[in-house]
Amino acid sequence: MLNIFQSARIKLTLWYLLIIATISGVFSVVIYQGIVREIEQGYYRVEARFIDEQLVITPRQDLHTQIIAQNISTTKQRVQILLLYANGVILIVSGAIAYYLAGQTLEPIAHAMSEQKRFIEDASHELKTPLTALKTAVEVALRDHTLTKKEVTNVLEDNLLAVNTLQVLTEDMLHLSRYNQKQIDKSSVPLDKIILKIIKTFTPLAKKKRISVKKELVPVIITARSSDMEKLFSAIVENALAYTSEGGTIDIYMKKKRSIAEVDITDTGIGISKNDLPHIFDRFYRADQARSKKDHTGYGLGLPIAKQIITQYDGSVEIKSKENVGTLVRITLPREEE
Numbered sequence: 001m002l003n004i005f006q007s008a009r010i011k012l013t014l015w016y017l018l019i020i021a022t023i024s025g026v027f028s029v030v031i032y033q034g035i036v037r038e039i040e041q042g043y044y045r046v047e048a049r050f051i052d053e054q055l056v057i058t059p060r061q062d063l064h065t066q067i068i069a070q071n072i073s074t075t076k077q078r079v080q081i082l083l084l085y086a087n088g089v090i091l092i093v094s095g096a097i098a099y100y101l102a103g104q105t106l107e108p109i110a111h112a113m114s115e116q117k118r119f120i121e122d123a124s125h126e127l128k129t130p131l132t133a134l135k136t137a138v139e140v141a142l143r144d145h146t147l148t149k150k151e152v153t154n155v156l157e158d159n160l161l162a163v164n165t166l167q168v169l170t171e172d173m174l175h176l177s178r179y180n181q182k183q184i185d186k187s188s189v190p191l192d193k194i195i196l197k198i199i200k201t202f203t204p205l206a207k208k209k210r211i212s213v214k215k216e217l218v219p220v221i222i223t224a225r226s227s228d229m230e231k232l233f234s235a236i237v238e239n240a241l242a243y244t245s246e247g248g249t250i251d252i253y254m255k256k257k258r259s260i261a262e263v264d265i266t267d268t269g270i271g272i273s274k275n276d277l278p279h280i281f282d283r284f285y286r287a288d289q290a291r292s293k294k295d296h297t298g299y300g301l302g303l304p305i306a307k308q309i310i311t312q313y314d315g316s317v318e319i320k321s322k323e324n325v326g327t328l329v330r331i332t333l334p335r336e337e338e
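UniProt numbering puts the first residue of the sequence shown at 1, with every later residue one more than the last.
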C-alpha cells in the first residue's frame, strides 16, 4: 500500500506529464501544420507555374504531378509518425525526470514530517516518565493515611521538583518550535558582553565543581536577539560544565575573522565518543547515556536548540572531541562591520 508521500509523488508526476504532454502536443500541431503548409505551397507553386506559362501538360507530366501529390500525402504521414514518436520519447524521458523532480520536491516535506513525528514520539516519552513518577507519588501519599507532616512536605517537594522539570522540558520544546520561524526581531548586540554575562551566571556552579573558567574576549557587535545569544551560549557552557570533572578547565576564546566572529569553547571534560559525535545535535539525544543520567539531568534539547539558533543566524558550529581529553566547540556568527 502506498504511503501518503509515494501517492503524492505519483500524482505530482502525472501533473507534470499532463503539462508536458499538453505543451508538446500544441507544439507538434504547430510544427505539423507549418511543414504541411510549406510542402503544399511548393506543390501549388509548381502547378501555378504550369498555368502561368500556359504549358501543355503531357500525360507523362500529369503522371509526375500525381506522383508528387502521392509523395506529399506520404510525407504528411511520415511527419505525423515522427511527431508521435518524438512525443512518445519526450513523455517517457519527461516521466522519469518528473518522477525524480517530484521526489526532490517532496523530500524536504517528507523529512520535516518524519522529524515532527519523531519529535512528538520522543517528547511524549520524555513527558511520560516524570508524569508517571508524579502520579505514583501522589497516589501513594493519598493511600497512606499515616504520613507525618514532614513526609507530606517531602512528597510535595519531590512533586514540585518534577513539575519544575516538566516546565523546563516544555519551555525547551517551545524554543525549538519558535526557532523554526523565519521572522525574528533583531538588533545590534555586543556578543562579548553576552558571553561575559553567561560566564558570571555559571560562576557559582563552576566554583562548586572547582572548575577554572578562563576567557579572552574582544568587542564584537552582531545583529541578533540578545535572548537567543544567551540561550545559545548558556547551552554550550552548561554542557561543558556538566561533562567536565572537578578540577577541570574551560577556556572561552573569541576572535574576529573578516566579517565573522569566532568563539571557541574548550573543556577538559570526558569528551565525546566517535559514535555519539554525529548525533549530539539530535533532539533528546544524550551522549554516554549511563553517565548522563547520573551527572546531567537535562533532556538532550540544549544542543539542538543551540544548533537551530546558529542556523537561524547563518552561522556554523564545529565540534572536535577526544574521549577523556576534552571537547572543542567552535561557533562562527556574522558580525557587523566596524
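Each residue gets a CB set at the ideal place from its N, CA and C atoms; glycine is no exception.
Asked	Found
List the whole-angstrom C-beta distance separating Thr332 from Ser316, where the pair is believed to meet the contact cut-off of C-beta under 8 Å.	5 Å
Using CA coordinates, which residue listed in Ser24, Ser227 and Ile250 is at the minimum distance from Glu238?	Ile250
When the Cα of Ala137 is compared with those of Ile31, Leu156, Lys128 and Thr148, which residue comes out closest?	Leu156
Between which two residues does the alpha helix (DSSP H) holding Thr311 run?	Gly302 to Gln312
Rounded to whole angstroms, what's the CA-CA distance from Ile81 to Ala96? Just pull it up for me.	23 Å
If you draw a straight line from the alpha carbon of Ile20 to that of Val93, how long is it in whole angstroms?	11 Å
Please tell me whether Thr203 and Asp267 are closer than 7 Å, where the distance is taken between their beta carbons.	no
Among Ile236, Lys200, Ala240 and Arg258, whose alpha-carbon lies nearest the alpha-carbon of Ile309?	Ile236
Sort Glu151, Arg283 and Pro304 by Cα distance to Phe233 and report the nearest one.	Pro304
Quick one: what's Lys256 bridged to in DSSP?	Ala261
Quick test of your reading: Gly271 and Ser245, contact by CB under 8 Å. State the CB separation rounded to the nearest angstrom.	Between Ser245 and Gly271 the Cβ distance is about 11 Å, and since that is not below 8 Å, they are no contact.
Kindly list the residues whose CB is nearer than 7 Å to the CB of Phe5, restricted to its own chain and excluding five residues on each side of it in sequence; keep chain order.	Leu106 and Ala110
Between the alpha carbons of Lys256 and Asn275, how many angstroms are there, rounded?	32 Å
In terms of DSSP beta bridges, what is Val329 paired with?	Ile265 and Ile319
Distance check for Leu147 and Ala162, CA to CA, integer angstroms please.	20 Å
Roughly how many angstroms lie between the CA atoms of Thr74 and Val36, to the nearest whole one?	11 Å
Across which residues does DSSP place Ala224 in a beta bridge pair?	Ser187
CB Ile194 to CB Glu171, shorter than 7 Å?	no
Relative to the C-alpha of Lys208, which residue among His279, Tyr313, Gly248 and Ser259 is closest?	Gly248
Run the CB neighbour count on Glu139, radius 10 Å, all protein chains shown included, and call it buried at 16 or more, exposed below.	exposed
With H, G and I counted as helix, E and B as strand and the rest as coil, what does DSSP make of Asp172?	helix
For a test of the three-state rule: what should DSSP assign to Lys149, helix, strand or coil?	helix
Could you check what DSSP says for Glu246 in three-state terms: helix, strand or coil?	coil
In angstroms with no decimal places, state the Cα-to-Cα distance between Ser187 and Ala224.	5 Å
Hey, Tyr99 and Thr13: beta-carbon distance below 7 Å or not?	yes
Would Lys307 be called buried (16 or more neighbouring beta carbons within 10 Å of its own) or exposed?	buried
Among Ile260, Ile252 and Glu323, whose alpha-carbon lies nearest the alpha-carbon of Leu277?	Glu323
Please report how far the alpha carbon of Ser151 lies from the alpha carbon of Leu160, in whole angstroms.	Position check: residue 151 holds Glu in this sequence, whereas Ser was assumed. Approximately 14 Å between the Cα atoms of the pair.
So is Val329 buried or exposed if we call it buried at 16+ other beta carbons inside 10 Å?	buried
Per DSSP, Glu216 is paired with what?	Tyr253
Only counting the same chain, and skipping five residues up and downstream in sequence, which positions put a Cβ closer than 7 Å to that of Glu115?	none
On a CA-only basis, which of Ile199, Asn87, Thr165 and Leu217 is nearest residue 348? Give me that one, please.	No information on residue 348 is available, as it lies outside the stretch 1 to 338 that the chain covers here.
Have a look at Tyr32, Val189 and Ile265 and flag the residue whose alpha-carbon is nearest the alpha-carbon of Val213.	Ile265
Is the beta carbon of Tyr16 less than 7 Å from the beta carbon of Leu83?	no
Tell me Pro204's beta-bridge partners as DSSP assigns them.	Its beta-bridge partners do not exist; DSSP assigns none.
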